[in-house]
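In my numbering, the protein residues as written are 44 to 113.
Right, here's the structure in full:
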């Protein structure tokens, strides 16, 4: 079983994360948590865990602040 909460560079939860475990793809939920459980006969590893470097929430805050500053 794999469980983690994805965060971007600023520590903001990032719902764009995903993990690839034993040949299956698991996406993050709306709260940026990835839960993965796989039944297997032999040992396998998490081959990939990825996410965007900036979460959509952080990007929205940056854009809103930029527009407000104009």
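Note that beta-carbon positions come from the ideal geometry of N, C-alpha and C, so glycine has one too.
Looking only at its own chain, which residues have a Cβ that is under 7 Å from the Cβ of residue 57, when we skip the five neighbours before and after it? Excluding sequence neighbours, residue 57 sits near 49, 50, 51, 75, 94, 95 and 98.
Own chain partners of residue 92 with C-beta closer than 6 Å, once the 5 adjacent residues on each side are dropped: If we look at residue 92 and ignore the five residues flanking it on each side, its Cβ neighbours are 62.
If contacts are defined as beta-carbon pairs under 8 Å, then residue 81 and residue 64 qualify, I think. What distance do you get, rounded to the angstrom? Right, the Cβ-Cβ distance comes to about 6 Å (below 8 Å), so this counts as a contact.
Relative to the alpha-carbon of residue 44, which residue among 79, 112 and 72 has its alpha-carbon at the smallest distance? Nearest option by C-alpha distance: 79.
In DSSP terms, what residue 46 is bridged to: As DSSP reads the structure, residue 46 sits in a beta bridge with 78.
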